[in-house]
Every structure is written in C-alpha cells, then in structure tokens.
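J.: In the numbering used here, each residue carries its 1-based index in the sequence shown increased by 1.
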Amino acid sequence: MDAVFSHEPVMLEEVLFWLAEGESGVYVDATIGGAGHARAILDQTGGRLIGIDCDADAVAAAEDRLSAFGARKVVVRANFADLGGVLRDLGVDKVDGVLMDLGVSSHQLDTAARGFSFNKPAPLDMRMDQSRKLSARDVVNNYGAAQLEKIIRLYGEEKMAARIATAIVQHRQAAPVETTAQLAGIVTDAMPLRMRHLKIHPATRTFQALRIAVNGELDCIRPGMEAAADALRPGGRVAVISFHSLEDRIVKNTFSEMAAGCVCPKDIPYCVCDKTATVKVLTRKAVTPSAEEIKRNPRARSAKLRVAERI
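1. For Met2, which residues in the same chain have their Cβ closer than 8 Å to its Cβ, ignoring the five residues on either side in sequence?
2. For Ala147, I'd like the list of residues in its chain whose CB is within less than 8 Å of its CB, leaving aside the five on either flank, ordered along the chain.
3. When you compare the stretch 120-136 with the stretch 238-245, are there three or more beta-carbon pairs, one atom per stretch, that lie closer than 8 Å?
4. Can you tell which of Lys281, Val16 and Asp190 has its C-alpha closest to the C-alpha of Arg258?
5. Output the boundary residues of the alpha helix (DSSP H) element that contains Met129.
6. If Gly48 and Val77 are in contact, beta carbons under 8 Å, what's the gap, nearest whole angstrom?
7. Could you check how far apart the C-beta atoms of Val308 and Arg250 are, in whole angstroms? I think they sit under 8 Å.
8. Taking 6 Å as the limit between beta carbons, can you name the residues of its chain near Ala228, skipping five residues before and five after?
9. Just to check my reading of the structure: Ala175 and Met101 have Cβ atoms closer than 8 Å, yes? What is that Cβ distance to the nearest angstrom?
10. How is Thr207 classed by DSSP in three states: helix, strand or coil?
11. Run the CB neighbour count on Thr181, radius 10 Å, all protein chains shown included, and call it buried at 16 or more, exposed below.
12. Specify the secondary structure class of Leu154 as computed by DSSP and reduced to three states.
13. Less than 9 Å separating the beta-carbons of Pro122 and Met161?
14. Candidates Ser118, Tyr156, Ser25 and Ala39: which alpha carbon is nearest Val16's?
15. Return the chain-ordered ranges of every beta strand (DSSP E) run that is complete within the stretch 195-266 and spans a minimum of 3 residues.
16. If we count the other Cβ atoms within 10 Å of its Cβ and call it buried at 16 or more, is Ala4 buried or exposed?
17. Would the beta-carbon of Pro124 be found less than 8 Å away from any heavy atom of the ligand NAD?
18. Nearest-angstrom Cα distance between Glu293 and Arg89?
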C-alpha cells in the first residue's frame, strides 16, 4: 500500500513545532491522507492518534502505514466536518491537537483513474469520497452554461470562465465530455492564444473549480474548524493547512471570529451578545514552506499554515 499511496507531508516540521509539543495526549489528523503527518505525530508525542478521511483508499493506506502503532491509533472513514460525531462515537471527550490538511493527496492526483489531474488521461471523476453520487462528469455534462461559469469563476477564480463554460456546452452538443484529456483540451482551446503557454496549465483553475464543486470542499471548512475547537482542551491547538486563497480566506476569517469577544454595536452600553473568544490565534501571518521544501516538493509551494490555541 505504501508504494501505491505515496505521500510527502507538507510543512511537517512546522506542524510538529506548533501542534505536537507534548510527550503524550490525544491528537486528531482530520484529513489523514497518506498518514505522513500522523506517523510523525505518533513518533514525536508517544500519544494516541485518531485519523479521519473520507477517501477509502486513504483509510486503507493509513491503517497499513500505521499498523506498527497498534492501539495507539484508530482510523475512521468520515468527512472532517463530522469530527465531533466521530469523537463521540469513540467515547473521546477532549483532545490535545487537531490537524486539518485541506490539500488533495498525492495519491489522488497521481492515480489516473480518480480523474483529478489533466496530466493523466482518465474518466472525469474527482470524487474524494467515491460513495458520493455527483462526479465531475455529471457537472460538466449536465450543468447549464450559467452554472458552469459561476463554478469556474467562483471556485477557480478564472477570468475566462464565460468562454470556458460556453466551449464546454458547445462541445457536449456533439458528444459528452468523458475524460480529463478532453476537458483539458476544451479549456485550452477556449483560451486566448496569449494565455495558452503561461507558467501554469490553462486548465488548472477549471479543474480546481470542478473538484471543489464536486466535493463541497469549502462548505466543510468552517464546520470542521468549529468542531475541532469544541473538541480541544484548554491549551490544545488546531492547525490548518490550506492551498489556495479561497480556503485560506475561510480559515483566516473563521479563526478571527473564534478569537473575537463581544460583537455588540459600540453604541450599546453593555454586552447583550454573550459572545466570548474561544481561541487565541498563534500565527499572526500564515506560515509558508521553506524554499528548500518547495524545491524538494513543488506541490507545497502554495501551502499556508494557520494555528490557534483553545482558551
């Protein structure tokens, strides 16, 4: 399984510095993926670890890679937004640290059949949880031009969203769009000539947008972070790694709201909202990977780490 599910954990040293400073405790890797972070946390802390992932391949790989840790680990198939329910089912009251790595795993990108990457011809899929019904093929072939444009513009921050949506609809009038290669070609052809040979592939933002839409990724971040904060003991920490501006904005804003006290209007003489801060943000600015790590692992280049501590 190790060879199949290859994984290089992003900002591993930084995660261990901020999150796993104790010699024991209970930790949650809420997006366990290839278990690289999880294994390092188990090694460094000597504590217990609960791993969560919605991808059945990731769960199987994590079970295999962490088998030597025996009862110190448990791996559960679930979405990280359901973290609270997972802990209740396991009879766990409070934990010492939670990690949420919001990135797509290397396995998902590198496994052609999963349909995440335009670099590998494959059926359009992009489902992290393959029990979900909606796939990228469904979105590309069934959504109207206006819906496609909105998804590509909102989730991909793609300026050419209207042109791309129109091109997809025109293409599928003759035949369905079935593969990643087909879609990448349609997107590339829809681009102005000046934008077809830039540093990033012309289809990058469109593929990102479809992946986010298929998996409802942005919808899970705030509930997952709130569940993580609720589960922490005082002094426990939650660390979140994001990979693009849409994710990072949600992470930053959610932490800011959690760290804020009273939100009553200033002209009210006393507090009526009863809101109190639940966390203290430890990273004034997002932590980013070192130049050495980016050189070693180019997929880390856009990663940002933010950390907060339960009050």
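We put the CB at the ideal spot given by N, CA and C, even for glycine.
T.: Taking the geometry as given:
1. Summary for Met2: the model assigns pLDDT 41, below 50, so the residue's position carries little reliability; its value from the coordinates is reported in the next sentence. Ala61, Ala62, Asp65 and Arg66.
2. Excluding its 5 nearest sequence neighbours in each direction, Ala147 has C-beta neighbours in its own chain below 8 Å: Ala166, listed in chain order.
3. no
4. The amino acid at residue 258 is misidentified as Arg; the sequence shows Glu. Looking at the Cα atoms, Lys281 is the closest of the given residues.
5. Segment: none, Met129 is in no alpha helix (DSSP H) and carries neither H nor E.
6. Their Cβ separation, rounded to whole angstroms, is 17 Å, which puts Gly48 and Val77 out of contact at 8 Å.
7. No, Val308 and Arg250 are not in contact; Cβ-Cβ is about 17 Å, not under 8 Å.
8. Leu84 and Gly85
9. A Cβ-Cβ separation of about 42 Å leaves Ala175 out of contact with Met101 under the 8 Å criterion.
10. helix
11. buried
12. Residue identity differs from the one stated: residue 154 is Arg in this sequence, not Leu. Note: Arg154 maps to helix in three-state DSSP.
13. no
14. Ala39
15. Counting only runs of 3 or more, we get 233-243.
16. Note that Ala4 has pLDDT 40, beneath the 50 cutoff, so the model's placement of it is unreliable and no number is given.
17. The ligand content of the structure shown is nil, which means the ligand NAD is not present either.
18. 40 Å
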